[in-house]
Amino acid sequence: MVSFDEKDRFAVARDSMVREQLMARGISDSAVLQLFREIRREEFVPEKYQSQAYADNPLPIGIGQTISQPFIVALMTQYLKLDKNCDVLEIGTGSGYQTAILAKLAKKVYTVERFNQLSEAAQAVLARLGIENIEYYIGDGSCGWGGGKQFDRIIITAAIREIPQPIIDQLCESGIVIAPVGDEFSQDLVVCRKSGGRLTYKSVCPCRFVKLIGKYGFTETE
Numbered sequence: 007m008v009s010f011d012e013k014d015r016f017a018v019a020r021d022s023m024v025r026e027q028l029m030a031r032g033i034s035d036s037a038v039l040q041l042f043r044e045i046r047r048e049e050f051v052p053e054k055y056q057s058q059a060y061a062d063n064p065l066p067i068g069i070g071q072t073i074s075q076p077f078i079v080a081l082m083t084q085y086l087k088l089d090k091n092c093d094v095l096e097i098g099t100g101s102g103y104q105t106a107i108l109a110k111l112a113k114k115v116y117t118v119e120r121f122n123q124l125s126e127a128a129q130a131v132l133a134r135l136g137i138e139n140i141e142y143y144i145g146d147g148s149c150g151w152g153g154g155k156q157f158d159r160i161i162i163t164a165a166i167r168e169i170p171q172p173i174i175d176q177l178c179e180s181g182i183v184i185a186p187v188g189d190e191f192s193q194d195l196v197v198c199r200k201s202g203g204r205l206t207y208k209s210v211c212p213c214r215f216v217k218l219i220g221k222y223g224f225t226e227t228e
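Convert by adding 6 to the 1-based position in the sequence shown; the result is the number in the numbering used here.
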């Protein structure tokens with residue numbers, strides 16, 4: 007249970023994070039910044055790491071997975087250019103923190119997680135926060151969602167060598183995909199746009215994510 011003093015401390019840390027980690031590094035979308043002021047990151051972090059919830063780094067969430075540093079979450083969100091007409095596919099539910107931010111900005115989020123334990127924990131937090139415009143799936147995120155559905159925006163929150171073709175096929179015309187692309191040790195955050203049936207790619211910055219394991223991702227042994 008978080009005390010009132012802790013809530014005040016987290017609120018101060020949240021405001022400092024927005025100013026010093028996000029705005030100072032070029033995050034300018036007012037809707038994105040407001041959500042980072044409102045959504046309590048400490049709710050998505052294991053209790054033993056809650057004191058570090060607003061640190062400028064990723065944190066472990068179990069099963070070898072992490073919650074990304076706040077700046078990377080904000081940067082990826084800003085590049086998606088979300089609005090309430092967007093259906094979003096998220097590959098890698100993880101802690102649910104990125105999911106919460108997407109859901110507040112988009113029409114609906116469809117999120118895929120490989121680990122049932124992480125998905126259930128994220129679902130519990132998101133339900134407690136009253137965020138309901140989310141559909142969950144446990145499975146191989148490298149295959150996308152399936153069922154023939156297409157998405158306005160797709161965000162991949164684990165490293166891949168290249169954006170899988172099944173995921174490209176699930177992107178609507180004029181859609182955007184953002185993903186960390188590279189090998190296990192060196193990746194670039196890449197934005198892919200589809201226009202006129204053609205794809206364009208832009209490298210944003212170096213980054214480091216855990217690997218996406220799956221049919222179109224890395225293998226368990228790599």
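Beta carbons are placed, not taken as given, at the ideal position from N, Cα and C, and that holds for glycine.
DSSP places Gln171 inside the alpha helix (DSSP H), whose first and last residues are 171-175.
Sequence-distant Cβ neighbours of Asn139 in its own chain, meaning closer than 6 Å and more than five residues away, are Ala109, Lys114. Distance from the CA of Gly220 to the CA of Tyr142, rounded to the nearest whole angstrom, comes to 18 Å.
Residue Ile97 holds the alpha-carbon nearest to the alpha-carbon of Pro170 among Pro212, Ile97, Arg134, Ser101. Residues of the same chain with a CB within less than 8 Å of the CB of Gly147, apart from the 5 flanking positions on each side, are Ile97, Gly98, Val118, Glu119, Arg120, Ile162, Ala164, Leu218, Gly220, Gly223 in chain order. Distance from the CA of Ala30 to the CA of Phe16, rounded to the nearest whole angstrom, comes to 20 Å. Taking the Cβ atoms as the reference, Arg47 lies roughly 6 Å from Tyr60, within the contact range of under 8 Å. DSSP places Leu195 outside any alpha helix (DSSP H); the residue lies instead in the beta strand (DSSP E), whose first and last residues are 193-201.
Around the beta carbon of Cys211, a 10 Å sphere encloses fewer than 16 other beta carbons of the protein chains shown; the residue is thus reported as exposed.
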